[in-house]
Amino acid sequence: MTIKTRKNSQVRYLFHPLEISFSGYSNSGKTTLISRMVEVLSLTYKIGYVKHDAHSFAMDKPGKDTDIVKRSGAEKVYINDADHYAFVGSGTFASSAQKQLFIDNDFVFVEGYKNSALPKIMVIDAEENILKQQKEQPFEQILCFVGQKEAKLQEDLGAPYFHRDDIEGIINFFLSWLENLSNKKPVFGLLLGGGRSSRMGSDKALLDYHGKPQIVHSFELLREHCENVYVSSRESQWPNLSSAHFNTIVDRFIDFGPLGGMLSAMLYHPEAAWLVVACDLPFLDGPTIENLISHRDPLKCATAYLSCHDGLPEPLCAVYEPKVVKKIWLALGEGQNCPRKILLNSACKFLDLTNPRALDNINHHEEYVKAKSFLSVGGFSESI
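If you want it as structure tokens, here you go:
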């Protein structure tokens, strides 16, 4: 089946795909709870924080240059030094822009937004006014309650309860929720076969290394490790092959290189993580794919191998998480279409290759002849 267009299912969030609200009344201890959790979690994770202020706030110091210029009428002011930066603007911040701010964070803690649909840790105030409001007008998506009493009947609350000093218990509960949420994202395979193979002189996807077209061999390899596998191709690239052997996603973004095929797939299935593999990797094996998926970090933008040749990330055998799509849009908007630069400029997890030849690609006819000869005599093994 050839897939050309589809109405996208939107992945909706305010700041980050993995965000959780700490809600409650003023002076209930939300900030204290967040800071105590961040103190522990920041040793392992990159955390974003959002504070929702129902009143007018001021972050600048009166009389400072930025304050003077802002009060003079500047809509936006920005200040930075070697280690810090800050931005203050007037009006409403665009939703698309605020989502860009936290892409490289593993997750975001949001203080406030109790009337939103965000998943929530509800912090109970001393007078328990938030519980009274909850009975009259229930809040959405309460994951657990945190309060000042030693015990609280979970049956009465309808969700787990923790004492506010049980930081370890609250963190373990949060991490369990985070893991479950992350694991819900399926990993789909995407074979990039839409290149023009100008250096090879013939379609690299149709070359035969293993007794069948390389695109078919690679598809079968990915199918052993991914829930679904798709092939990225140009319009009518393989009229006699694609519909008979596998599902193809036609590139919607022409002449953007691998990023065009990747973006087309991510728009088709925005909720999925994508194992992206080039079709010109005849030495790629199952253990290399299995190792990549088993060590995937769904909190990062991507998980990729480092090249055995130059130590740089290998972008065309990597798992890309859903949030990286915003990085791709931004790169293309700036005229960049190099997937390696996406990895270099994002928060990623990098792995060392266990098989140093697994990601050697073939671009010229002479290389193809040598590789086919090498493989035909059983030269490929995990020890190479």
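Following my numbering, the numbering of the sequence shown begins with 1436 at its first residue and continues without gaps. Each residue gets a CB set at the ideal place from its N, CA and C atoms; glycine is no exception.
Could you give the residue range of the alpha helix (DSSP H) that holds residue i?
i: Ile1538; result: Taken as a continuous stretch (DSSP letters only), Ile1538 belongs to no alpha helix (DSSP H), as it is neither H nor E.
i: Leu1453; result: Per DSSP, Leu1453 belongs to no alpha helix (DSSP H) and is neither H nor E.
i: Leu1476; result: 1465–1476
i: Leu1727; result: 1721–1729
i: Asn1780; result: Note, Asn1780: premise wrong, no alpha helix (DSSP H); not H, not E.
i: Ser1653; result: 1649–1658
i: Ile1605; result: 1602–1618
i: Ile1763; result: 1760–1768
For residue i, which of helix, strand or coil comes out of DSSP?
i: Leu1553; result: coil
i: Gly1524; result: strand
i: Ser1811; result: helix
i: Ala1753; result: strand
i: Ala1737; result: strand
i: Gly1695; result: helix
i: Lys1511; result: strand
i: His1519; result: coil
i: Gly1746; result: coil
i: Phe1574; result: coil
i: Ser1818; result: A caution first: Ser1818 carries a pLDDT of 36, below 50, which makes its placement in the model unreliable, though a value can still be read off. It is coil, neither helix nor strand.
i: Ile1433; result: Absent from the model: residue 1433. The displayed extent of the chain is 1436 to 1819, so no value can be given.
Rounded C-beta distance between residue i and residue j? I'm assuming under 8 Å.
i: Phe1377; j: Leu1592; result: In the structure displayed, the chain extends from 1436 to 1819; residue 1377 sits before or after that span and is not available.
i: Leu1786; j: His1744; result: Between His1744 and Leu1786 the Cβ distance is about 15 Å, and since that is not below 8 Å, they are no contact.
i: Gly1628; j: Val1666; result: 5 Å
i: Tyr1644; j: Pro1750; result: With 8 Å as the limit, Tyr1644 and Pro1750 do not qualify as a contact, their Cβ atoms being about 22 Å apart.
i: Ala1766; j: Leu1719; result: Wrong, their Cβ atoms sit about 25 Å apart, outside the cutoff.
i: Leu1642; j: Gln1649; result: 5 Å
Taking the beta strand (DSSP E) that residue i belongs to, which residues open and close that run?
i: Asp1795; result: No beta strand (DSSP E) contains Asp1795, which DSSP labels as neither H nor E.
i: His1704; result: No beta strand (DSSP E) holds His1704; DSSP gives it neither H nor E.
Classify residue i: buried if its beta carbon has 16 or more other beta carbons within 10 angstroms, exposed otherwise.
i: Leu1453; result: buried
i: Ala1561; result: exposed
i: Gly1695; result: buried
i: Cys1783; result: buried
i: Lys1567; result: exposed
i: Ser1456; result: buried
i: Tyr1755; result: buried
i: Asn1618; result: exposed
i: Met1701; result: buried
i: Ile1689; result: exposed
Are three or more beta carbon pairs between the segment 1736–1751 and the segment 1771–1778 nearer than 8 Å?
yes
Any contact of the segment 1504–1511 with the segment 1467–1483, i.e. 3+ C-beta pairs under 8 Å?
no
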